Structures are given as C-alpha cells and as structure tokens.
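First up is the structure itself, then whatever we jot down about it.
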Amino acid sequence: MHNSQIPTDGSQPHCETVFQPNSGLLKTLTPLQGNERIRHLLKYFGLRTSLVRLKVIDALLTAAGNDRRLGVRGMHSHLQALDIPLSFLSVREVLKRLCSEGVVVLNSDKSYSLHPQAEAVLMGKIEA
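This is the structure:
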C-alpha cells in the first residue's frame, strides 16, 4: 500500500504552513485570569509561586472585593472554611514575607491589604 505522505526518495515530506499566532501577543491582548495574574504579581516582585502565597493573595482579593479586611486570624479562618489546610503559622509567615517584599501592607487595625503598587500590577497598569 502506498502512502503519499511518506517520501520514498529519502527527502522530507512537504508540510503545509499553518498559521500559529504569537503567544506573547495573545498574552498581552487577553487579561490574566485567576492564578495567572497572581503568578504575574509574584514574578513582578521577584517571589516564587507557592500554593500558600496563591491562596493568601486570592483571599485578600476576595476580601477586598467584598469590602472586608482580613487579619491573620481572619485569613486563617477564611482559608479553613474553604478546606485549605494551612496552619496558622504558615499564614502568618506568608503575610509577613509578602509585607516585607511590598506586596501587602499591614494596616493600623492589624488587617492586611494589597499594596497600591501590587494592585496596579494586577490591574495591568504596571508591566513586569
């Protein structure tokens, strides 16, 4: 049986050129969603992505969207309610690290919120 796609003379088969969009261009045109925008934020601040950081920042975003502020205990309770098994100490240490790196700020009422620069990165106003 003869297969016209397999060359018999040792040459490479002819392949049709298929248009492949520039993935970098597509990324700039489509807004970052979900964890991707948090990963972008962490990268901007020179931090590695970890599950704890993703969950803590996501919880801060959720709280801010609901006009709430969370302290360490509130953050830990919020994550436990979502069945995310993180210890109180892990949550506290992540918040302290995010604070020291300028991603998060500690408010006078002992609650945490995103730094204005971090918000600008998430909104796409600042590029990495």
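According to our numbering, the sequence shown holds residues 556 to 683 in order. Every residue gets a Cβ at the ideal spot worked out from N, C-alpha and C, and that includes glycine. Every value quoted in this text rests on a predicted model; they were computed, and no experiment measured them.
Check	Outcome
S605 by DSSP, collapsed to three states: which one?	coil
Below 8 Å, can you find three or more Cβ-Cβ pairs linking the stretch 636-645 to the stretch 658-675?	no
Rounded to the nearest angstrom, how far is the Cβ of D613 from that of I593, given a contact under 8 Å?	6 Å
Grab me the residues of L616's own chain with a C-beta within less than 7 Å of its C-beta, minus the 5 sequence neighbours each way, in chain order.	none
In the DSSP output, which residue or residues are listed as bridge partners for Y667?	L625, L661
Could you check how far apart the C-beta atoms of L602 and E656 are, in whole angstroms? I think they sit under 8 Å.	6 Å
Is it the case that the Cβ atoms of L596 and V676 are separated by a distance below 8 Å?	yes
Got a sec? Which residues, its chain only, sit under 7 Å from S647 by beta carbon, not counting five neighbours each side?	The question names Ser, yet the displayed sequence has Arg at residue 647. The answer, listed in chain order, is V627.
Could you work out which residue in A673, D638, L637 is closest to L653 when comparing CA atoms only?	A673
Mark L637 as exposed unless 16 or more other C-beta atoms lie within 10 angstroms of its C-beta, in which case mark it buried.	exposed
Can you list, in chain order, the residues of its chain with a C-beta nearer than 8 Å to that of L669? Leave out the 5 residues immediately preceding and following it.	I612, L615, L616, A619, V658, V659, V660, L677
Grouping DSSP H, G and I as helix and E and B as strand, with all else coil, what is F643?	helix
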